[in-house]
Amino acid sequence: MAHHNTFAGNPLDRAGDLRNDPDWLAEQAAKPYAQALVLWEGRPLIEETGEGPRLAWLQMRHARALVRDREAFLGLWNDEPVFAIEFEGFIDPTDGPLAGLGAFQEMRAAAAILPAADAAMAGGAKSLFDWRRKHGFCANCGTLSETASGGWKRICPACGTEHFPRVDPVTIMLPVYKGGAEPICLLGRQAAWPAGRMSALAGFLEPGESIEEACAREVKEEAGLTVIATAYHSSQPWPFPSQLMIGLIAEVSDDQAQPDQTELEAVAWLTRAEARAVLAGEHPSIQAPPPFAIAHSLIKAWADEV
């Protein structure tokens with residue numbers, strides 16, 4: 001079975017064909033068991049239960065009474081409809097109509113505490129609303145577009161152009177060198193990160209570029225290393241705002257890494273034992289990326305190799 005990163009493994013049937021029918025969507029929203037998860041400015045509403053933190057849910061009819069024109073159909077869960085709504089503005093809805101129903105958490109913090117299925121649904125909803133917020137006007141003619149397909153499409157009423165949610169592909173790779181006394185991996189550090197934090201290297205794919213080519217270019221640009229082989233590990237939907245992280249192990253030709261001082265201010269080579277110490281929080285100077293990040297999965301996969 002493929003490795004599942006946080007924000008992957010969404011349990012919903014997206015009903016991609018059925019959601020194109022407005023009458024079918026209306027029927028789903030009117031069902032008594034139709035539920036909606038709640039976001040406020042990209043933060044999910046979370047409640048404490050006897051089994052730990054969980055997404056808080058509203059009946060769809062209640063959700064629609066609170067928020068107008070900010071809903072999306074997410075899919076079917078055991079044949080029951082699941083929607084999402086989003087509040088906007090500076091006022092926390094739990095200080096008003098949602099008082100006592102839970103608390104809104106920033107998505108990264110939520111990812112660290114929610115069950116996998118909850119995080120996946122919330123992350124997908126956040127990406128969808130982020131796209132709708134930033135792409136309200138037709139890129140072809142500039143006219144205000146209209147929502148369709150339960151929020152998964154926008155149609156321009158003037159020129160008829162259809163617009164769909166975009167996903168930005170990113171290669172994220174762990175460079176490894178096998179030519180020394182023992183295998184080592186490279187971590188890099190951006191200046192804006194918390195003190196001691198280091199992670200895998202990453203960069204966006206450019207037009208006309210394959211995954212392998214993007215991996216090699218980014219490693220060369222950021223660390224001055226030449227990639228000689230790439231191996232796919234896993235991928236991760238990353239809702240900040242809507243990226244697909246493509247996780248790779250990248251074998252490089254030498255260990256003469258030099259940070260470019262633009263993307264990276266420092267780099268460090270680690271043996272497998274040192275990488276395990278980083279992941280365990282036992283390294284004297286390096287902090288690992290958070291467990292919900294695919295970079296953590298890449299480091300762990302390499303460190304645990306026999």
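Per the UniProt record's numbering, the sequence shown starts with residue 1, numbered consecutively. Here a beta-carbon is modelled for each residue, glycine too, at the ideal position from N, C-alpha and C.
Problem - DSSP bridge partner residues for TRP57 (one or two, in chain order) - result: Partner(s): LEU37.
Practice task
Classify LEU45 as buried or exposed, calling it buried when 16 or more other Cβ atoms lie within 10 Å of its own Cβ.
Solution key: Counting of Cβ neighbours within 10 angstroms places LEU45 among the buried residues, the total reaching 16 or more.
Practice task
Mind reading off the beta-carbon distance from PRO169 to LEU205? Whole number of angstroms is fine, and I expect it under 8 Å.
Solution key: About 5 Å separates the CB atoms of PRO169 and LEU205; that is less than 8 Å, so the two are in contact.
Exercise for the section: Would you check if the region 34-54 and the region 99-114 touch, i.e. whether three or more CB-CB distances between them fall below 8 Å? Expected result: In short, these stretches touch, since the Cβ pair count reaches three.
Handout entry: DSSP state of ARG166 mapped onto helix, strand, coil
Key = Under the three-state reduction of DSSP, ARG166 is assigned to coil, being neither helix nor strand.
Problem - Cα-Cα separation, GLY52 to LEU39 - result: Roughly 19 Å between the two C-alpha positions.
Problem - Residue from GLU162, HIS233, ASP304 and ASP130 with nearest C-alpha to GLN243 - result: Answer by Cα proximity: ASP130.
Practice task
Flag this pair as yes or no: are the beta carbons of ARG189 and PRO284 separated by less than 9 Å?
Solution key: No, the Cβ-Cβ distance between ARG189 and PRO284 is not below 9 Å.
Practice task
Would you mind stating whether ILE85 and ALA72 have Cβ atoms separated by less than 9 Å?
Solution key: At the C-beta level, ILE85 and ALA72 come within 9 Å of one another.
Practice task
In angstroms with no decimal places, state the Cα-to-Cα distance between TRP24 and LYS153.
Solution key: Rounded to whole angstroms, TRP24 to LYS153 spans 16 Å at the Cα level.
Handout entry: Rounded separation between CYS141 and PRO165 - CA only
Key = Distance between the alpha carbons of CYS141 and PRO165 is about 18 Å.
Problem - Residue from LYS134, ALA15 and GLY96 with nearest C-alpha to PHE83 - result: Closest by alpha carbon: ALA15.
Practice task
Give the straight-line distance between the Cα atoms of CYS185 and PRO207, rounded to the nearest whole angstrom.
Solution key: In a straight line, the C-alpha of CYS185 is about 29 Å away from that of PRO207.
Handout entry: Sufficient close CB pairs (3 or more, under 8 Å) joining the region 131-139 to the region 156-164
Key = The region 131-139 is in contact with the region 156-164.
Exercise for the section: Ignoring anything shorter than 4 residues or poking outside the region 82-163, list the alpha helix (DSSP H) runs there in chain order. Expected result: Contiguous alpha helix (DSSP H) elements confined to the region 82-163 occur at 107-111 and 116-134, taking only those with 4 or more residues.
Practice task
For the alpha helix (DSSP H) holding ILE211, just list the boundary residues, first then last.
Solution key: 211-223 is the span of the alpha helix (DSSP H), which, as asked, contains ILE211.
Problem - Buried versus exposed, by CB contacts within 10 Å (16 or more), TYR33 - result: By the 10 Å Cβ count, TYR33 comes out exposed.
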